[in-house]
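S.K.: So the protein sequences, as listed, match chains A and B. At position 233 of the first sequence (counting the first as 1) the number is 233 in this note's numbering, and the numbers step up by one without a gap. At position 53 of the second sequence (counting the first as 1) the number is 1053 in this note's numbering, and the numbers step up by one without a gap. Here it is, the structure in full.
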Amino acid sequence: MKSAAIIGVGQTGYRRSHPDKSSRELIWQAARLALEDAGVGIDGIDVILAGVAPDGLSGENSVERTGMLGRRKPFLRVNTGGVTGSSTVFAALSYINSGRAKAVLVVGLERMGQATSSQQVFNTIFDPIYEKDFPLTTITMAALRASMLMRLYGYTERHWAEIASRSFRNALRNPLAHLRKDISPEDVLASQLLAWPIHRFEACPMSEGACAMVIVAPEHVGDRRPAWVQGAASITDSYAMGDRIHRPGATLVDLLSLRLAAGKAYGQAGITRPRDELRVAELYSAFSSAEAMAYPALGFCAPEDGPAFVEAQFTDSRLPVFNPSGGPQGANPVSATAMVRIAECALQVRGLAGERQVADVERAVATGQGGATQFSTVCVLGRRPVH
Amino acid sequence: MAEGGDIFIEGVAMEISWADARRSLPELIFSSTTRAIDDAGRGWEGIESVVLAAHDLVDGRSLSSMVTAPAAGAYLRDEVRYGDDGAGAFAAAVNRLEAGECERTIVSAWGRASEHDVEGVSRALFDPVFFRPLGIEELHVSAMNAQRWLIDGGDVASVAEANQRREMMRRANPRALKEGGRQSVPSYPLEASHLPRWADVTVTMVLSRRPASVRLRGIGLSSEPYWPGDRRLARADALRMAAQRALSEAQMTVDQIDLFEVDGLTIFDEGIALEAIGLAEKGGGLRRLADDPRCNPSGGGASGYCAPAMGLIRLAEATLQLQGRAGGNQQGTPRVAFASGSSIIAGQTQTAVIVEAV
Chain A
1 MKSAAIIGVG QTGYRRSHPD KSSRELIWQA ARLALEDAGV GIDGIDVILA
51 GVAPDGLSGE NSVERTGMLG RRKPFLRVNT GGVTGSSTVF AALSYINSGR
101 AKAVLVVGLE RMGQATSSQQ VFNTIFDPIY EKDFPLTTIT MAALRASMLM
151 RLYGYTERHW AEIASRSFRN ALRNPLAHLR KDISPEDVLA SQLLAWPIHR
201 FEACPMSEGA CAMVIVAPEH VGDRRPAWVQ GAASITDSYA MGDRIHRPGA
251 TLVDLLSLRL AAGKAYGQAG ITRPRDELRV AELYSAFSSA EAMAYPALGF
301 CAPEDGPAFV EAQFTDSRLP VFNPSGGPQG ANPVSATAMV RIAECALQVR
351 GLAGERQVAD VERAVATGQG GATQFSTVCV LGRRPVH
Chain B
1001 MAEGGDIFIE GVAMEISWAD ARRSLPELIF SSTTRAIDDA GRGWEGIESV
1051 VLAAHDLVDG RSLSSMVTAP AAGAYLRDEV RYGDDGAGAF AAAVNRLEAG
1101 ECERTIVSAW GRASEHDVEG VSRALFDPVF FRPLGIEELH VSAMNAQRWL
1151 IDGGDVASVA EANQRREMMR RANPRALKEG GRQSVPSYPL EASHLPRWAD
1201 VTVTMVLSRR PASVRLRGIG LSSEPYWPGD RRLARADALR MAAQRALSEA
1251 QMTVDQIDLF EVDGLTIFDE GIALEAIGLA EKGGGLRRLA DDPRCNPSGG
1301 GASGYCAPAM GLIRLAEATL QLQGRAGGNQ QGTPRVAFAS GSSIIAGQTQ
1351 TAVIVEAV
């Protein structure tokens, strides 16, 4: 793939709800900040792409239509569940790399604070005959995987708590984060048990907010400081989780789709040793156990070495920094969250991450996970374009 | 024109039915997808991309593509879903090919009107504070468009004739809904025969960078404001702009097009669309629809309608015409065809596509 560049990032900040703002105001606020960061006006944008995931979460249908920007510009909406934000970015890359657009504005919006119960909404993503009555939700779905990881590889509840606590500490330095609390591993383990082995503080919060970015062709970077998209890939797995439990070569916790997407994105970026070549990893892991599940798929460690890899993160400064923004534990606006991961990597690569800036970020990777962990995206950003 | 070279349509398949209790939605999608692959004649070789147009509100699930994407061939492939019209998804699929992301791609769209509350979904699209208390639906916006068209001096006498021809073409179209379906209650000045016939619709195309019998000439997209009051009724300005962009890319004028398949929720919307793209004078769109055999030979919305599949259906019908495979409604040997697709809310975004026989 050719390199496109992210030259503008705008975010509203993430909260349980934004009762003082309409959906269009959130969209416009994020878009305005992104355009200002990019140094372009709306007239300099060729195409606008909006990412909104389940309408049921917001209580408004096709809410993206209300905040449409740019007079008579091409506009499309992307909806791929939890990867909606990254899918929207990737759709923009297609526009840039095809030569059909020089500059694309992408916006991810989440209004789930309007939903009475997000888990009731999420329950309806599952098969109405075989799965919905369990009652299967995104929490119980994650719990099934967490317990499988514990049985197969020796993870303990302490590992999940350590990961969550690390993310909360990182979020303390992120003014955009929804939850900014210093929560220790002991606090995590003492929090309410949602579905064994998952405690409340291992789960992401329900967050509202909007994220926007300006993505341009190389010749339109101008004097802005870019984050170059070096690799981007998306893979879809099968729907039924039961089909994946005993699948030869890739079980339910092997994240085959993420592994394949990573292989493709790394190949585009020329990455062969991700553990050494990536300085930052922003992972869409709505539960801390889901982050551990991603390590082997992304090539950071072998599956059986996962527990040791978690422990090494606290002692080995050479390892990538995981979720410096606080990740989804800090804020999880579902429609936008995979875009937020890319936005954070862009800020880190551009050296604009403020108090949470990681030193010497030459390259960073952002992931997205959606559906029944069946939609996976991987995006590699770097200081330089790939050739 | 984009940088990626020519893009071709290799395979087409569609199914329009009503409440077929023997088949689930994934089975209907799987059927049209496998038939499109068979139509392309090259199996699954080189297909790494699947681009979908589907809407949760229509499919009745919070994340519809979880279960439906694999049925469209997305297993272990790069899949994306647009909550937009099928013609918009077609444009996005073209981007992927032109960007060099894949050699071939599936683009598929569907909607199953027999399993969702069409009017209820439509009402929920509108602003909850100012519009929803009115009970307004997209068909009411179409009625306002029709009213505006009549006030502006639209050819009243042509409405019945256009309707008559549309019904004739529906009967001639072997793919059209022949039994079942449902119609909404019309609002003045619309009559029942002006409305779409709600149906269960799946449609799939296989696009490729390798030469095939139909080639893309131009694409244009555009949008209008959210509030109907901010738009110019009966003008379809988004389609006007989209068509201009497509014609510009194709380096053609509308007079050089041999066949038109335009998407419109009612027959008035179809006529207004023909005016917007420049084929008819203001107020003359339905006369064109009544008299010109090049316009909507498929029967348009009367042949079966369900968002968000209709733009891709229009393009599929145009493709079959260019290939001489349309059947009873084949219109000679057209060389160049125009198709359009409109999305929620009431045609707020529009896509225009020009294709030619190779």
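Beta carbons: idealized from backbone N, C-alpha and C, even for Gly. Please read all numbers here as calculations on a predicted model, not as lab measurements.
Which residues, taken in chain order from the stretch 1104-1123 of chain B, show a beta carbon closer than 8 Å to some beta carbon of chain A?
M.R.: Val1121
S.K.: Taking only runs that begin and end inside the stretch 1237-1308 of chain B, name each unbroken alpha helix (DSSP H) of 4 or more residues, in chain order.
M.R.: For the stretch 1237-1308 of chain B, the continuous alpha helix (DSSP H) assignments of 4+ residues that do not extend past its boundaries occur at 1237-1250, 1267-1276 and 1285-1291, in sequence order.
S.K.: Any idea if Ala302 of chain A is buried or exposed, counting beta-carbon neighbours within 10 angstroms, 16 or more meaning buried?
M.R.: exposed
S.K.: If we count Cβ pairs, one from each stretch, closer than 8 Å, do we get three or more for the stretch 93-105 of chain A versus the stretch 44-54 of chain A?
M.R.: In this structure the stretch 93-105 of chain A lies against the stretch 44-54 of chain A, because at least three pairs of beta carbons, one per stretch, are closer than 8 Å.
S.K.: Taking C-alpha atoms, which residue in A:Glu219, A:Arg259, A:Ile215 and A:His387 lies nearest to Leu93 of chain A?
M.R.: A:Ile215
S.K.: Run down chain B in chain order and give the residues with a C-beta less than 8 Å from the C-beta of Thr236 of chain A.
M.R.: Val1050, Ala1069, Pro1070, Ala1074, Tyr1075, Leu1076, Arg1077, Asp1078 and Glu1079
S.K.: Under a three-way DSSP split, which group does Asp1078 of chain B fall into?
M.R.: strand
S.K.: Around the C-beta of Ile198 of chain A, are 16 or more other C-beta atoms found within 10 angstroms, so that it is buried, or is it exposed?
M.R.: With 16 or more other Cβ atoms inside 10 Å of its own Cβ, Ile198 of chain A counts as buried.
S.K.: Buried or exposed for Thr1253 of chain B, going by 16 or more other Cβ atoms inside 10 Å?
M.R.: Around the beta carbon of Thr1253 of chain B, fewer than 16 other beta carbons lie within 10 angstroms, which makes this residue exposed.
S.K.: What does Gly1229 of chain B touch in chain A if you count any residue whose Cβ is under 7 Å from its own?
M.R.: What Gly1229 of chain B touches in chain A: nothing, since even the nearest Cβ is about 14 Å away.
S.K.: Taking Cβ-Cβ distances below 9 Å as the criterion, which residues of the stretch 243-270 of chain A are in contact with chain B?
M.R.: Those residues of the stretch 243-270 of chain A that come within reach of chain B (Cβ to Cβ, closer than 9 Å) are Leu256, Ser257, Leu260, Ala261 and Lys264.
S.K.: Kindly indicate which residue of A:Leu352, A:Leu283 and A:Pro296 has the alpha-carbon position closest to the one of Glu321 of chain A.
M.R.: According to the sequence shown, residue 321 of chain A is Val rather than Glu. If we check each option's Cα against that of Val321 of chain A, A:Leu283 comes out closest.
S.K.: If I follow the unbroken alpha helix (DSSP H) through Arg1123 of chain B, where does it start and stop?
M.R.: Counting along the chain, the alpha helix (DSSP H) containing Arg1123 of chain B begins and ends at Val1118 to Ala1124.
S.K.: Please name the residue, chosen from A:Val253, A:Thr140, A:Gly209 and A:Pro296, that lies closest to Glu64 of chain A on a Cα-to-Cα basis.
M.R.: With distances taken between CA atoms, Glu64 of chain A lies nearest to A:Gly209 out of A:Val253, A:Thr140, A:Gly209 and A:Pro296.
S.K.: In the DSSP assignment, find the alpha helix (DSSP H) that holds Met206 of chain A and state where it starts and stops.
M.R.: Counting along the chain, Met206 of chain A falls outside any alpha helix (DSSP H), and DSSP gives it neither H nor E.
S.K.: Since Gly10 of chain A and Arg32 of chain A are thought to touch, with beta carbons under 8 Å apart, how far apart are those beta carbons, to the nearest angstrom?
M.R.: 7 Å
S.K.: Which of helix, strand or coil does DSSP assign to Thr88 of chain A?
M.R.: helix
S.K.: So which residues on chain A does Thr1349 of chain B lean against when the C-beta distance must stay under 9 Å?
M.R.: Arg65, Met68, Pro74, Phe75, Leu76 and Arg77
S.K.: Check the Cβ-Cβ distances between Pro1308 of chain B and every residue of chain A, and say whether any is below 8 Å.
M.R.: no
S.K.: Taking 8 Å as the CB-CB limit, is Ala1099 of chain B close to chain A?
M.R.: yes
S.K.: Would a C-beta distance cut-off of 8 Å place Gly1347 of chain B and Ala1199 of chain B closer than the cut-off?
M.R.: no
S.K.: Can you grab the Cα-Cα spacing for the pair Ser1334 of chain B / Ala1089 of chain B, in whole Å?
M.R.: Checking the sequence shown, residue 1334 of chain B turns out to be Pro, not Ser. Cα to Cα, the separation comes out at about 25 Å.
S.K.: For Ala343 of chain A, collect the residues of the same chain with a Cβ closer than 7 Å to its Cβ; drop the 5 residues on either side in sequence, then sort them by chain order.
M.R.: Val9, Gln11, Cys211 and Met213
S.K.: Who are the Cβ neighbours of Leu193 of chain A in its own chain at under 7 Å, not counting the five residues just before and after it?
M.R.: His199
S.K.: Got a sec: which bits of the stretch 218-234 of chain A sit with their beta carbon under 8 Å from any beta carbon on chain B, in order along the chain?
M.R.: Ala233 and Ser234
S.K.: Measure from the alpha carbon of Glu1015 of chain B to the alpha carbon of each residue in B:Met1310, B:Val1355 and B:Trp1149, then state which is nearest.
M.R.: B:Met1310
S.K.: Does the stretch 224-241 of chain A touch the stretch 74-94 of chain A, meaning 3 or more C-beta pairs lie closer than 8 Å?
M.R.: yes
S.K.: Can you have a look at Val1203 of chain B and say buried or exposed, based on whether 16 or more other CB atoms are within 10 angstroms of its CB?
M.R.: buried
S.K.: Give the DSSP-derived three-state secondary structure of Cys345 of chain A in the structure shown.
M.R.: In the three-state DSSP reduction, Cys345 of chain A falls in the helix class (H, G or I).
S.K.: Using the Cα positions of Leu1286 of chain B and Phe1268 of chain B, report the straight-line distance between them to the nearest angstrom.
M.R.: 7 Å
S.K.: Return the first residue and the last residue of the alpha helix (DSSP H) that Phe75 of chain A is part of.
M.R.: Careful: Phe75 of chain A lies outside any alpha helix (DSSP H), inside the beta strand (DSSP E) at Phe75 to Val78.
S.K.: Would you decide whether Lys181 of chain A is buried or exposed? Buried here means 16 or more other CB atoms lie within 10 Å of its CB.
M.R.: exposed
S.K.: Is Ser238 of chain A closer than 8 Å to Glu16 of chain A when the C-beta atoms are compared?
M.R.: Note on identity: in this sequence residue 16 of chain A is Arg, with Glu being the wrong assignment. No. Outside cutoff.
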